[in-house]
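In case it helps, this note's numbering puts the sequence shown at residues 3 to 270. The beta carbon of each residue, even a glycine, is placed where N, CA and C say it ideally should be. What follows is a set of notes on a single structure, which appears directly below.
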Amino acid sequence: MNIKSASKSVISALVGIAIERGVLKGVDQPVLSMLRNDAPANPNPRLDRLTVGNLLSMQAGLKRTSGPNYGRWVSSPNWVRYALARPFVDEPGGAMLYSTGNTHLLSAMLTRASGQSTYTLAQDWLARPLAIAIPSWPRDGQGIYFGGNDMLMSPRALAQFGELYRNGGIVNGRRILPPSWIEQSWTPRTVSPWSGGRYGYGWFIGDAAGHPVRFAWGYGGQMVYVVPDLALTVVMTSDSGGARANGHIAALHTLLADGVVPAALTGE
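Right, dumping it as structure tokens:
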């Protein structure tokens, strides 16, 4: 199943593991430390200030590659260069500008820093430890696996991924993900101008019936909800071709708040 932009939460997990392993230096690492060869000639000075954290929180300041700009971006011959060449419309660390180009740059950084593909890292760092399948997904023209869209995971695999976060990064007694990374990822850093939802590092942050909830959100309604105080992980999948503005996402949120959470509280 195509999990759409829920892929961004998976990329965030890989970045957290890469930082823990020393493959990446941290959220303050400049993007051009790995991708300078793909930067435009005479780049805007703000590009030197762009960091891993800015990409994760969708605060790059670069003009978006998502929405009406998406088709032109994925039709370009080099997605990394195209994303880095977008004009700045805000400062790095400014307003939330949701852009899949940001997470694709993270995939490129993971690949350059590790010398391995993002697919290989996903197998070694997530799929095998979680005993789930993460099949191969699309790549750009340079062979970089698409960062932030079109990953393929089953609902059961998504549930295992959500449980990894709910359990503090531990699976079967083995630490896979640093708990500090989960905390950082679930710390609100900006607010979506579209949904009004708070956003951390690849995760949305809200509440359901008064209970804190953190969720991965893929286009059309590919959702992974984690409700920590109820020890609850909920996966919902939908027709990814469905319309964005038909109230479907609100209906999924309502199903969680008015259906699943009360059932969890009563044990029914």
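Test item: CB-CB of residue i and residue j under 7 Å
{"i": "L154", "j": "P137", "result": "yes"}
{"i": "S14", "j": "Y203", "result": "yes"}
{"i": "S59", "j": "T192", "result": "yes"}
{"i": "A211", "j": "V263", "result": "yes"}
{"i": "Y227", "j": "L258", "result": "yes"}
{"i": "Y167", "j": "I184", "result": "yes"}
{"i": "I146", "j": "A87", "result": "no"}
{"i": "G103", "j": "T67", "result": "yes"}
{"i": "T239", "j": "P140", "result": "no"}
{"i": "P195", "j": "E22", "result": "no"}
{"i": "V82", "j": "K65", "result": "no"}
{"i": "T113", "j": "G149", "result": "no"}
{"i": "A85", "j": "L108", "result": "no"}
{"i": "H213", "j": "V236", "result": "no"}
Separation of residue j from residue i, as counted between CA atoms
{"i": "F163", "j": "I19", "result": "14 Å"}
{"i": "L16", "j": "N151", "result": "14 Å"}
{"i": "R51", "j": "G220", "result": "29 Å"}
{"i": "D30", "j": "N56", "result": "8 Å"}
{"i": "A252", "j": "V215", "result": "15 Å"}
{"i": "M98", "j": "A159", "result": "29 Å"}
{"i": "P89", "j": "R176", "result": "43 Å"}
{"i": "S182", "j": "Q61", "result": "21 Å"}
{"i": "D142", "j": "G28", "result": "25 Å"}
{"i": "N248", "j": "Q118", "result": "40 Å"}
{"i": "Q144", "j": "L267", "result": "49 Å"}
{"i": "H250", "j": "D231", "result": "26 Å"}
{"i": "S187", "j": "L234", "result": "18 Å"}
{"i": "Q125", "j": "A135", "result": "8 Å"}
{"i": "W205", "j": "M36", "result": "24 Å"}
{"i": "W127", "j": "P45", "result": "34 Å"}
{"i": "A161", "j": "P47", "result": "42 Å"}
{"i": "P32", "j": "D260", "result": "43 Å"}
{"i": "S9", "j": "R38", "result": "25 Å"}
{"i": "N169", "j": "R74", "result": "40 Å"}
{"i": "I178", "j": "A43", "result": "40 Å"}
{"i": "G63", "j": "G269", "result": "45 Å"}
{"i": "T120", "j": "A129", "result": "12 Å"}
Candidates the options, of which the one nearest residue i by Cα
{"i": "T53", "options": "G143, E93 and P89", "result": "E93"}
{"i": "G171", "options": "W205, P131 and G117", "result": "P131"}
{"i": "A115", "options": "G24, N39, N174 and A62", "result": "G24"}
{"i": "N4", "options": "V173, D231, G28 and G222", "result": "G222"}
{"i": "G208", "options": "H255, F148 and H250", "result": "H255"}
{"i": "A41", "options": "V173, G28 and N80", "result": "N80"}
{"i": "N174", "options": "D126, A133, Q186 and Q144", "result": "A133"}
{"i": "Y72", "options": "N248, T120, L267 and Y100", "result": "Y100"}
{"i": "G69", "options": "S7, M36, A129 and N44", "result": "S7"}
Bridge partners - residue i, DSSP secondary structure assignment
{"i": "D209", "result": "P214"}
{"i": "Q224", "result": "G220"}
{"i": "Y84", "result": "Y84 is not bridged to any residue."}
{"i": "V237", "result": "V226"}
{"i": "I172", "result": "R177"}
{"i": "T53", "result": "P32"}
{"i": "Y147", "result": "R141"}
{"i": "L154", "result": "N4"}
{"i": "T189", "result": "None, per the DSSP bridge assignment."}
{"i": "Y201", "result": "T192 and F206"}
Nearest-angstrom Cβ-Cβ length linking residue i and residue j, presumed shorter than 8 Å
{"i": "S242", "j": "Q224", "result": "7 Å"}
{"i": "L49", "j": "L26", "result": "No, L49 and L26 are not in contact; Cβ-Cβ is about 18 Å, not under 8 Å."}
{"i": "A265", "j": "S11", "result": "With a Cβ gap of about 25 Å, A265 and S11 do not count as contacting."}
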